[in-house]
Each structure stands twice: as C-alpha cells, then as structure tokens.
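Step one of this worksheet: look at the structure below.
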Amino acid sequence: MSVVTVQLGQCGNQIGYEVFDTMCRDLHNTQGFCSKRENEIYQASCKEHFFNEDKSEVPVARALLIDMEPKVISQTLLKAAHSGRWKYGQHSHFCQRQGSGNNWAYGYSVHGPKHEESIMNLIQREVEEYDSLSGFSIIMSMAGGTGSGLGAFLTQNLRDAYPNSFIMNQVIWPYGTGEVIVQNYNSVLTLSHLYRSSDALLVHENDVVHKICAKLMNIKQISFRDVNQVIAHQLGSVFQPTYSSEDSFQYRRNPLGIDWQVRPPLSGLPALEKVSPNKELRFNTSIANLLILRGKDVHSADTGGFKDPALYTSWLQPSDAFCEWRTHRAFNKYEKSAALVSNSQFLLKPLDTIVGKAWNMFASKAYVHQYTKFGIEEEDFLDSFTVLEQIVASYCNL
Amino acid sequence: MAQSVVVQVGQCGNQIGCCFWDLALREHASVNKKGIYDDALKNFFRNVDTRGTGISKGRICSLKARAVLIDMEEGVVNEILQGPLKDVFDSKQLITNVSGSGNNWAVGYKVFGSHYRDQIVEKLRQTAEHCDCLQCFFLIHSMGGGTGSGLGTFILNVLEDEFPEVYRFVTSVFPSGEDDVITSPYNSVLAMKELNEHADCVLPIENESLFDIVSKINQMINSGKPGTTVKQQSLVTLNEGGIKKKLDEKPFDKMNNIVANLLLNLTSSSRFEGSLNMDLNEISMNLVPFPQLHYLVSSLTPLYTLADVNIPPRRLDQMFSDAFSKDYQLIQADPKHSLYLACALLVRGNVQISDIRRNIERLKSSLHFVSWNQEGWKTSLCSVPPVGHSHSLLALANNTCVKPTFMELKNRFLRLYKKKACVFDITSFMERNLSVRSLLKFLSFLVCQAALWESLAHLHHYLQVDRMEDSCFTEAVSSLSSLIEKYNELDVTKGLPIHEQVRLNIVI
Numbered sequence: 022m023s024v025v026t027v028q029l030g031q032c033g034n035q036i037g038y039e040v041f042d043t044m045c046r047d048l049h050n051t052q053g054f055c056s057k058r059e060n061e062i063y064q065a066s067c068k069e070h071f072f073n074e075d076k077s078e079v080p081v082a083r084a085l086l087i088d089m090e091p092k093v094i095s096q097t098l099l100k101a102a103h104s105g106r107w108k109y110g111q112h113s114h115f116c117q118r119q120g121s122g123n124n125w126a127y128g129y130s131v132h133g134p135k136h137e138e139s140i141m142n143l144i145q146r147e148v149e150e151y152d153s154l155s156g157f158s159i160i161m162s163m164a165g166g167t168g169s170g171l172g173a174f175l176t177q178n179l180r181d182a183y184p185n186s187f188i189m190n191q192v193i194w195p196y197g198t199g200e201v202i203v204q205n206y207n208s209v210l211t212l213s214h215l216y217r218s219s220d221a222l223l224v225h226e227n228d229v230v231h232k233i234c235a236k237l238m239n240i241k242q243i244s245f246r247d248v249n250q251v252i253a254h255q256l257g258s259v260f261q262p263t264y265s266s267e268d269s270f271q272y273r274r275n276p277l278g279i280d281w282q283v284r285p286p287l288s289g290l291p292a293l294e295k296v297s298p299n300k301e302l303r304f305n306t307s308i309a310n311l312l313i314l315r316g317k318d319v320h321s322a323d324t325g326g327f328k329d330p331a332l333y334t335s336w337l338q339p340s341d342a343f344c345e346w347r348t349h350r351a352f353n354k355y356e357k358s359a360a361l362v363s364n365s366q367f368l369l370k371p372l373d374t375i376v377g378k379a380w381n382m383f384a385s386k387a388y389v390h391q392y393t394k395f396g397i398e399e400e401d402f403l404d405s406f407t408v409l410e411q412i413v414a415s416y417c418n419l
Numbered sequence: 009m010a011q012s013v014v015v016q017v018g019q020c021g022n023q024i025g026c027c028f029w030d031l032a033l034r035e036h037a038s039v040n041k042k043g044i045y046d047d048a049l050k051n052f053f054r055n056v057d058t059r060g061t062g063i064s065k066g067r068i069c070s071l072k073a074r075a076v077l078i079d080m081e082e083g084v085v086n087e088i089l090q091g092p093l094k095d096v097f098d099s100k101q102l103i104t105n106v107s108g109s110g111n112n113w114a115v116g117y118k119v120f121g122s123h124y125r126d127q128i129v130e131k132l133r134q135t136a137e138h139c140d141c142l143q144c145f146f147l148i149h150s151m152g153g154g155t156g157s158g159l160g161t162f163i164l165n166v167l168e169d170e171f172p173e174v175y176r177f178v179t180s181v182f183p184s185g186e187d188d189v190i191t192s193p194y195n196s197v198l199a200m201k202e203l204n205e206h207a208d209c210v211l212p213i214e215n216e217s218l219f220d221i222v223s224k225i226n227q228m229i230n231s232g233k234p235g236t237t238v239k240q241q242s243l244v245t246l247n248e249g250g251i252k253k254k255l256d257e258k259p260f261d262k263m264n265n266i267v268a269n270l271l272l273n274l275t276s277s278s279r280f281e282g283s284l285n286m287d288l289n290e291i292s293m294n295l296v297p298f299p300q301l302h303y304l305v306s307s308l309t310p311l312y313t314l315a316d317v318n319i320p321p322r323r324l325d326q327m328f329s330d331a332f333s334k335d336y337q338l339i340q341a342d343p344k345h346s347l348y349l350a351c352a353l354l355v356r357g358n359v360q361i362s363d364i365r366r367n368i369e370r371l372k373s374s375l376h377f378v379s380w381n382q383e384g385w386k387t388s389l390c391s392v393p394p395v396g397h398s399h400s401l402l403a404l405a406n407n408t409c410v411k412p413t414f415m416e417l418k419n420r421f422l423r424l425y426k427k428k429a430c431v432f433d434i435t436s437f438m439e440r441n442l443s444v445r446s447l448l449k450f451l452s453f454l455v456c457q458a459a460l461w462e463s464l465a466h467l468h469h470y471l472q473v474d475r476m477e478d479s480c481f482t483e484a485v486s487s488l489s490s491l492i493e494k495y496n497e498l499d500v501t502k503g504l505p506i507h508e509q510v511r512l513n514i515v516i
C-alpha cells in the first residue's frame with residue numbers, strides 16, 4: 022500500500038526532504054536490534070509504502086514536489102540526488118516562477134484554479150502507478166501563501182477526486198512571534214478549510230520543536246535544518262512500518278491508518294456548558310491516543326498508565342480511545358523509542374491564541390485589502406472564524 | 009524565477025542606478041565563480057550573444073542590465089555610457105533630452121511626460137518582453153528636482169496603466185531643509201501625491217542621513233585605533249574599483265552606494281537561496297496594512313567589517329541593535345520612539361533562526377507596536393552574505409516616524425505657497441496716513457513683497473505649463489495632509505492599554 026506524499030511550498034519541501042532522508046537512513050540501518058529476517062521484512066514494507074525502485078536501484082521517493090517558485094525545489098532535488106542513497110522522481114515536480122507572496126488568497130484563488138489541472142494530472146499519474154493507495158500525506162505550513170492557500174485548495178480537490186482515500190495533512194504551526202506578519206490570517210483560513218476536507222491534521226509547532234532543540238538537544242545556534250530534522254524524526258517514527266495490534270506477524274498495512282474514529286457514545290453527548298479556554302486545565306483531556314513503541318523489550322513495556330480513564334473525556338472508554346502499536350525493529354538507531362500521537366486539548370491554547378490574534382487584527386481591518394484583492398472577502402474571514410471558534414469550544418468542553 | 013526592471017530617472021536616479029549596477033555585478037561575480045548564467049543573475053540581467061540575441065542558459069556571454077535610463081539632460085547618462093559600465097547598457101534602453109526640466113515638476117510631468125509617453129511605453133515594453141516573468145519595477149528618482157520628480161512620477165502612472173500586475177517599488181530621495189533648489193518643496197509635494205496614489209511601496213531616503221553615515225564610516229577609518237582597520241571591500245559606501253578611484257570619486261558616490269546596497273539587500277532573498285525565502289511580493293503583503301500607508305523606513309547594518317582577524321567579529325546581536333538605532337536609518341527618523349505598524353528583518357549570511365528569535369525577544373520590549381500587530385515581525389534568511397561580510401541585516405519598518413519628514417515637507421510647501429495670498433493686501437496700505445510707524449511697516453512690507461514676488465514667479469513657472477492649475481497644488485497638499493492625519497490617528501493609540509476584542513459568541 023503506497024502513501025503519496027505531497028510537499029507544498031518552501032516548508033513542505035524542506036521538511037519532506039528530511040522525512041525521506043530520515044526514513045531512508047532508517048531503512049538502511051543494520052542496527053535494527055532484531056533478527057535479519059525481521060529487518061528485511063521491515064525494509065520491504067517501508068519501501069512498499071514510501072519508495073519506488075527504478076533501474077538504478079536507488080530508491081525513488083513516492084513524493085510530489087510543488088511550489089510556486091523554483092529555488093526551493095531545485096535545492097531539494099539536488100540535495101536528494103547528491104545523497105546517493107535516494108532521490109526524487111524526474112518528473113515529480115511542479116513549479117512556477119513567482120511565489121504566492123505569503124498571501125493565502127493568492128495561493129487559494131489564483132494559483133489553485135490556474136494550476137489545478139496540471140497538479141491533479143501529476144497526482145493522478147503518480148497514483149496510477151500503484152496497486153493500492155494508502156492515502157495522501159500533505160506537508161505544508163500554515164503561515165505562508167503556497168503551503169497554506171494552495172494546500173487548502175489542493176486538499177479540497179483531492180477529497181473530491183478521491184472521496185474514499187485517507188487524506189492526512191502535516192501542518193506546521195509557525196513561531197508565535199513573527200515569521201510572517203499575516204500568519205494568523207493565513208492560519209485561520211487554512212485550518213477552517215482543511216477541516217472540511219482532511220481526515221486528520223498532524224500538527225508540529227515551531228516553538229515547541231525549537232524548545233526541543235534548545236533544551237533537550239542542547240543545540241546552541243538552532244537552524245531551520247535542525248528544526249526540520251526533529252520534525253522528520255517524529256514523523257518517521259510514526260510512519261515507518263509497525264505491527265498491527267491484531268496481527269503481530271504482519272506489518273500494519275496502512276501507516277496512515279491512524280483510524281481511531283471517534284464514535285460518539287450511543288446515548289449522545291452530554292450537555293455542554295460554556296467553558297473558557299483560559300480556565301486552568303488540571304489534565305489535558307484526550308479523545309484518542311496512539312502510542313507507538315519500537316525497539317528492544319517492546320513487548321514487555323507496561324503501558325497501563327495510558328489507560329487511565331482520567332486522561333480521557335467522560336464519554337469515552339479508554340479501551341476505545343487508546344491504541345498501541347509495538348514493533349521489535351528499532352527506529353533510527355535508537356535502542357528503544359516511543360512516539361505518541363494525541364488528539365487532545367494540547368492544541369487548544371495555541372489555537373485559541375491564533376484565533377484571538379487574528380480576530381484582533383481583523384477588527385482593525387488591517388491587511389484585509391490584500392485578501393479582497395484576490396477574492397477572499399470579509400464574509401469568508403467571518404466564516405473561518407466561526408468554524409474555528411466552534412472547534413475551540415468543542416475541545417474546551419471535553 | 010521572476011525578474012525585475014530598474015527605471016532610473018533624472019540625475020539622482022541615474023547616479024544611484026549606476027552604483028546599483030556596479031555593485032550588482034560585483035556581488036554576482038563573487039558568488040558565481042563558474043561564469044554560468046544562473047537564475048540569480050537572470051533577475052536583473054539578460055545574457056546576450058554578439059548579435060544581441062538573448063541566451064537563456066549556459067555560459068555568460070554578455071550581460072545586459074534590465075534597465076531603462078531616462079534623463080532630460082545628457083550629462084549623467086553620457087558619462088555612464090562612457091564609463092566602465094558602458095557594455096551593460098545599450099542605446100535602446102535610453103531616453104534623453106538636452107534641455108532639462110528646470111527643477112520644475114510641471115515641466116517634467118506635463119511637458120516631457122506627454123511628449124515622451126509613447127517612447128517610454130515602447131522602451132518599457134521592450135524590456136518587459138525580455139522577461140519571462142516580470143515581477144517588479146524599481147523606480148529610482150529624487151523628489152526635489154524636475155525630471156526625477158515630475159517625469160519620474162509620470163512614469164509611475166504609466167507603469168500602473170500599462171503593467172497593472174507588476175509591483176512598483178519606488179526609491180525616493182527627499183530634499184533636505186538646506187536644499188539649494190528653492191522650489192523643491194513644490195516638486196516634492198506634487199510628486200508625493202503621485203507616490204500616495206500609484207506606488208505599491210516607497211523607500212524614502214534623505215541625503216542628511218546618508219551623509220551622517222558616510223561621516224561615521226570616515227571617522228572609523230581615520231580613527232587609527234588599533235584593530236580598527238576596515239576591510240575595504242566591505243564598506244557599504246564603496247563601489248567596484250573604488251579603492252583605486254579615490255581621487256576622482258564623485259562627491260555623491262559614497263552616499264549613492266548606500267542606496268545601491270539597500271536595493272541589493274532587498275532583493276537578495278528573491279535572487280539567492282536561503283532557509284526562509286522572502287520574495288518581493290511578500291514585502292508589500294506583510295508591510296502594507298492599509299493601501300495608503302506604504303512608506304518604509306530602512307536601515308542597513310553593519311556598515312563595514314573589520315579586517316583584523318584577531319579582533320572577534322562584532323557580536324551578531326550588535327547588528328540587530330544597530331538596525332533600530334536612529335543613526336542607521338536612511339531618513340532622519342527615530343523609529344524607537346514612534347509606533348511600529350510592521351517590521352521586516354532581511355538577514356543575509358551566517359545567521360540562524362535562533363539568532364533572529366533571540367534578538368526579537370530582546371528588542372521587542374523597547375519598541376512600540378500598534379495594538380493589532382503586537383507581533384508584527386516578518387523575517388527572511390538568505391544564505392548568501394554581501395561582499396566582504398559574513399552576515400548583514402536590512403530592517404524595513406512601517407513606522408509613524410516618517411510623519412515628521414512629511415510634516416516638514418508640508419510646512420516648507422506652505423511657507424512658499426501661502427505667501428501669494430498676502431500680495432493682494434497691498435492696496436490696504438495705500439489708503440492709510442503714512443506716519444513714521446506705518447512707513448516703517450510699509451517698508452518692511454515691501455521687503456517681504458520682494459520675496460513674495462520671487463516665490464510668485466516660481467509659482468508662475470508652474471502655472472504657465474499647460475494643464476497645470478492651482479488645484480494641482482491644493483490637491484497635492486491635501487493628499488499629503490490626509491496621509492499625515494492617518495499617521496496621527498495611529499500615533500494617538502501609542503501607549504494606550506490594549507483591549508482584547510470581544511470574540512465571536514458560539515452557540516454550542
């Protein structure tokens with residue numbers, strides 16, 4: 022089952038490169054802390070999901086590189102080719118001459134429709150190569166113009182063209198203080214649109230990853246490369262092959278199948294009262310958690326703590342909400358490693374902050390003319406704000 | 009990759025333009041060792057063979073600047089065409105005349121404008137046709153004279169009419185208070201109305217600031233303190249061959265090079281690669297919150313690097329601090345004590361995101377940002393530093409500190425313009441008894457009138473021009489007033505407590 026990765030914009034392409042590089046390194050690791058046979062199955066599974074094999078035997082990433090200006094894609098293609106370990110397909114990219122100018126409206130309303138046919142054709146050609154499609158993994162930032170605007174447009178299109186496929190967006194949350202001045206507008210517009218078409222949004226916050234680099238890894242002068250490598254490591258640890266919990270002799274078929282569908286209790290949701298997001302949260306309440314364990318002694322690990330009902334919302338049983346995947350084969354030379362994917366109130370505060378700042382700016386109408394110029398009107402902003410306030414309220418009331 | 013075209017108008021515009029092309033070639037030469045015509049070069053240069061046909065890839069044959077040179081006098085343009093840059097331009101890119109505009113905006117705009125319109129459009133079209141994706145026009149001119157100011161702003165209108173999708177970035181040199189052109193306030197205010205209405209972004213420059221920066225550098229070079237030997241190549245005031253040319257270096261060259269460096273740094277992130285690119289369209293998007301407020305104050309640091317390798321390089325953080333100091337601004341302004349609407353940091357060279365974040369955190373508390381843009385920072389990281397430096401910073405600020413410059417301009421305009429009303433009071437004196445006191449009053453009045461007649465004469469030169477009327481003046485000053493008023497409204501909010509807007513109420 023193949024995963025088609027779509028790398029969008031500067032961020033998407035820079036991170037996409039690191040993800041494939043990490044997975045390829047991991048793939049070729051002999052230090053798997055498991056049997057040779059086990060390693061071979063792992064490698065085959067990884068290749069099946071993420072790489073094609075061509076005549077030269079250098080794995081070709083199953084990825085499409087899309088950007089509205091050429092510099093980053095050229096760089097990315099070169100880097101991959103120079104590594105010697107893997108590369109991108111020769112015709113797997115689409116690029117234009119002029120970027121989206123950090124303008125969501127430009128990415129969504131101008132670049133989107135203009136290049137819809139070419140991009141969808143590119144994707145279709147890629148999809149047709151595979152016997153079965155796991156789904157799409159779209160890597161994009163929220164703050165800029167291409168990743169965010171074109172990303173939202175493309176996700177919608179993919180949903181329409183492949184209604185039964187799993188679509189997951191890797192969304193990069195910008196630094197709180199200025200990478201882009203209109204980042205809050207772009208984020209609000211992106212998230213509200215993605216919510217309608219995407220199956221899952223896997224979020225990485227630059228501020229959080231930055232702290233990891235500073236405090237946990239002790240890097241003195243942190244570059245975007247460092248940040249991107251941490252994100253790639255996290256994504257790799259989730260997407261690399263894992264055994265399914267039911268069938269421990271076969272690698273889980275769909276790495277994107279984080280399929281804990283949240284089913285509301287049969288008796289219906291309890292009455293919700295209005296809760297302020299600023300109220301002290303004693304516990305981060307989850308709807309669902311996925312724990313992925315890799316490496317030595319993985320089967321004897323005690324994960325009872327994750328099944329504590331206090332972690333979950335009152336209308337869900339831990340048995341419905343908690344899922345774990347355990348795999349012998351170690352990841353990226355770490356003897357033991359664990360990854361947690363969580364659908365919880367973790368993102369409530371950041372989301373609320375972004376909505377608040379965007380709203381403040383919108384009240385003064387600053388920068389709005391840059392969006393109306395390209396067809397995104399004030400009503401569109403209001404719709405987006407409404408969607409997000411509803412999401413904030415829903416998470417608040419878990 | 010998109011391309012940009014430079015339109016240099018008038019004496020000042022062409023002199024700065026010439027420095028710009030000189031420095032651009034130097035920058036690309038230092039980066040492009042293999043002599044391949046790459047995407048970065050393509051931005052500002054065409055590659056042509058011996059017959060003048062464009063070559064899109066491969067080795068560099070002959071580089072031609074994407075530029076249009078316009079002047080109503082021949083002196084400056086002729087000098088460029090005879091100087092070291094003569095092969096970078098060709099005659100098809102020029103429009104010149106001999107008579108000059110007589111420091112009269114109306115002559116530049118109305119007379120030469122209409123006379124040369126077709127030629128101008130044709131030259132612009134030719135230059136545009138050589139681009140496969142034209143993104144931006146850079147207009148360089150001065151505000152105080154006649155050609156740069158009048159014809160320059162006329163061309164701005166043409167650019168908007170003929171190429172509405174292409175960005176218009178204007179570098180405008182504003183006259184100083186001691187400008188020897190008496191009518192410079194008229195020219196500047198008339199030109200400002202055009203900038204208000206037709207430019208996407210304006211980078212105002214004041215000669216006084218450039219002069220102060222040059223003095224500062226000279227002081228440093230001549231200080232003779234140990235460890236202060238400056239790396240010649242790194243001077244922000246230097247151009248190619250400047251080391252040898254010291255004797256015949258023109259007086260404004262050093263100052264013009266600063267502006268040339270500004271333009272190079274502004275476009276570096278769209279020409280060269282980096283971990284966080286910033287294209288020209290992002291400048292307008294992030295720094296212009298309301299269409300009329302598109303005036304950006306710029307500062308460049310460092311001004312030089314020290315040659316002595318034993319002295320540790322000036323701390324990176326010092327570079328950030330300097331960018332916000334009033335001594336480094338290219339207009340007479342103090343952004344620290346005014347209100348920021350938005351700020352962009354364009355960093356080049358060996359600097360990482362953590363360095364930028366650390367400095368933003370550090371400097372934030374000493375700066376005032378408007379309530380709806382408390383985190384109004386835009387950053388970009390370009391890997392390629394300028395020649396002679398390991399890193400550099402260009403800060404662009406949309407800040408209310410431009411207001412004093414505009415108010416001063418308005419005041420100088422009104423001092424000249426309002427006087428004409430007094431002239432008609434002369435009859436009231438004629439009927440009075442001529443006592444000694446009133447005689448003295450009358451005499452001083454006559455002296456005043458002499459000055460007034462002089463300024464009236466200036467006005468006359470404007471009104472003489474076809475289609476030039478009093479209303480042009482009143483509309484221009486009114487446009488300037490309303491701009492100043494917008495900045496006033498923002499300034500009033502400075503320091504006020506910030507109220508969070510009430511959020512949407514959602515029914516759950």
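Quick mapping for you: the protein sequence lines, in order, are chains A and B. Per the working numbering, the very first residue in the first sequence carries number 22; after that it's consecutive. Per the working numbering, the very first residue in the second sequence carries number 9; after that it's consecutive. Here a beta-carbon is modelled for each residue, glycine too, at the ideal position from N, C-alpha and C.
In or out: K41 (chain B) buried (at least 16 other Cβ within 10 Å) or exposed?
By the neighbour-count rule (16 or more Cβ atoms within 10 Å), K41 (chain B) is not buried but exposed.
Using beta carbons (cut-off 8 Å, strictly below), is Q4 (chain B) in contact with chain A?
Nothing can be reported for residue 4 (chain B), as the shown portion of chain B is limited to 9 through 516.
Tell me, please, whether the CB atom of L49 (chain B) is closer than 8 Å to any CB atom in chain A?
Closer than 8 Å: no.
Go ahead and pull the three-state DSSP assignment for F115 (chain A).
F115 (chain A): strand per DSSP, three-state reduction.
Here's a check: name, in chain order, each residue in its chain whose Cβ is nearer than 8 Å to the Cβ of R67 (chain B), leaving out the five neighbours to either side.
So the qualifying residues of the chain are G43, I44 and Y45.
Which residues, in order along the segment 195 to 213 of chain A, keep a beta-carbon less than 9 Å from a beta-carbon of chain B?
Of all residues in the segment 195 to 213 of chain A, Y196, G197, T198, G199, E200, V201, I202, V203, Q204 and N205 have a Cβ within less than 9 Å of some Cβ in chain B.
Taking 8 Å as the cut-off, decide whether the C-beta atoms of S150 (chain B) and C26 (chain B) are in contact.
No, the pair does not count as a contact, with Cβ atoms beyond the cut-off.
Between N249 (chain A) and E90 (chain A), which are expected to be in contact by the criterion C-beta below 8 Å, what is the C-beta distance as a whole number of angstroms?
Contact doesn't hold; Cβ gap of about 19 Å is too wide.
Which partner residues of G62 (chain B) appear in the DSSP bridge assignment?
Paired residues: B:V56.
Within the same chain, show all residues whose beta-carbon is closer than 6 Å to that of A102 (chain A), passing over the 5 residues directly before and after it, in chain order.
Same-chain partners within the cutoff: K108.
If I measure Cβ to Cβ from F54 (chain A) and keep anything under 8 Å in the same chain, skipping five residues before and after, which residues do I get?
Excluding sequence neighbours, F54 (chain A) sits near G316, K317, H349, R350, A351 and E356.
Taking DSSP as the reference, what is the three-state secondary structure of H302 (chain B)?
Note: H302 (chain B) maps to coil in three-state DSSP.
Excluding the 5 residues flanking A342 (chain A) on each side, which residues of the same chain have their C-beta closer than 6 Å to its C-beta?
Around A342 (chain A): A309 and Y333.
Distance check for S109 (chain B) and D256 (chain B), CA to CA, integer angstroms please.
Residue placement at D256 (chain B) cannot be trusted, given a pLDDT of 47 that sits under 50; the coordinates are not used to answer.
What are the partner residues of E345 (chain A), as DSSP defines its beta bridges?
The partner list for E345 (chain A) (beta bridge, DSSP) reads A:L312.
Assuming I160 (chain A) contacts Q28 (chain A) under a Cβ cut-off of 8 Å, what Cβ separation, rounded to an integer in Å, is found between them?
So it is a contact: roughly 5 Å between Cβ atoms.
Answer yes or no: do V259 (chain A) and V224 (chain A) have a C-beta to C-beta separation smaller than 8 Å?
Result no, Cβ atoms of V259 (chain A) and V224 (chain A) do not sit closer than 8 Å.
Which residues in chain A have a C-beta closer than 8 Å to the C-beta of R365 (chain B)? List them in chain order.
Simply Y196, T198 and H231.
At what residue ranges does the segment 192 to 230 of chain B contain a whole run of the beta strand (DSSP E), taking only runs of 3 or more?
Runs found: 209 to 214.
Any beta-carbon of chain B closer than 8 Å to the one on Y183 (chain A)?
Y183 (chain A) does not count as touching chain B.
Could you give the DSSP three-state label for Q16 (chain B): helix, strand or coil?
DSSP places Q16 (chain B) in strand when its eight states are reduced to three.
Identify the contact partners of D287 (chain B) in chain A, using a Cβ-Cβ distance below 9 Å as the criterion.
The contacting residues are E90, Q119, G120, S121, G122 and N123.
Can you find the residues in the same chain that come closer than 8 Å, C-beta to C-beta, to S217 (chain B), ignoring five residues on each side of it along the sequence?
Result list for S217 (chain B): Q337, L338, I339 and Q340, in chain order.
Pull the bridge partners of M161 (chain A) from the DSSP assignment, please.
According to DSSP, which records beta bridges pairwise, M161 (chain A) is partnered with A:V192.
Excluding sequence positions up to five away, which residues of its chain have a Cβ less than 7 Å from the Cβ of V209 (chain A)?
Counting only Cβ-Cβ distances below 7 Å, and skipping sequence neighbours, we find I375, V376, A379, S405, F406 and L409.
Which residues, in chain order, does the segment 237 to 248 of chain A contribute to contact with chain B at a C-beta distance below 9 Å?
Residues passing the 9 Å Cβ filter: I240, K241, Q242, I243, S244, F245, R246, D247 and V248.
Distance, Cα to Cα, Q242 (chain A) vs L256 (chain A)?
The straight-line gap from Cα to Cα measures roughly 23 Å.
Work out the CA separation of A268 (chain B) and P394 (chain B) for me, nearest whole Å.
So the two alpha carbons sit approximately 12 Å from each other.
How would you label I190 (chain B), buried or exposed, when you count the other beta carbons within 10 angstroms and need 16 or more for buried?
By the 10 Å Cβ count, I190 (chain B) comes out exposed.
If the cut is a Cβ gap below 8 Å, which residues of chain A does G384 (chain B) touch?
Those are G199 and I202, listed as they occur along chain A.
Is the beta carbon of G156 (chain A) sitting closer than 8 Å to the one on S186 (chain A)?
Cβ distance < 8 Å, so G156 (chain A) and S186 (chain A) count as in contact.
In chain order, what residues of the same chain lie with their CB nearer than 7 Å to the CB of V84 (chain B), ignoring the 5 residues before and after it?
Once the five neighbours on either side are set aside, the close Cβ partners of V84 (chain B) are Q19, N22 and Q23.
At a cut of 8 Å, does the segment 200 to 217 of chain A reach the segment 118 to 128 of chain A through at least three beta carbon pairs?
The segment 200 to 217 of chain A is in contact with the segment 118 to 128 of chain A.
Could you give the C-beta distance for L491 (chain B) and Q326 (chain B), rounded to a whole number, given that I count them as a contact under 8 Å?
Actually they are not in contact, since the Cβ atoms of L491 (chain B) and Q326 (chain B) sit about 35 Å apart, beyond 8 Å.
Looking at the structure shown, is A37 (chain B) part of a helix, part of a strand, or coil, going by DSSP?
The answer is helix: DSSP assigns A37 (chain B) an H, G or I state.
Curious, which full-length alpha helix (DSSP H) runs of at least 4 residues does the segment 161 to 190 of chain B contain?
Whole alpha helix (DSSP H) segments, 4+ residues: zero.
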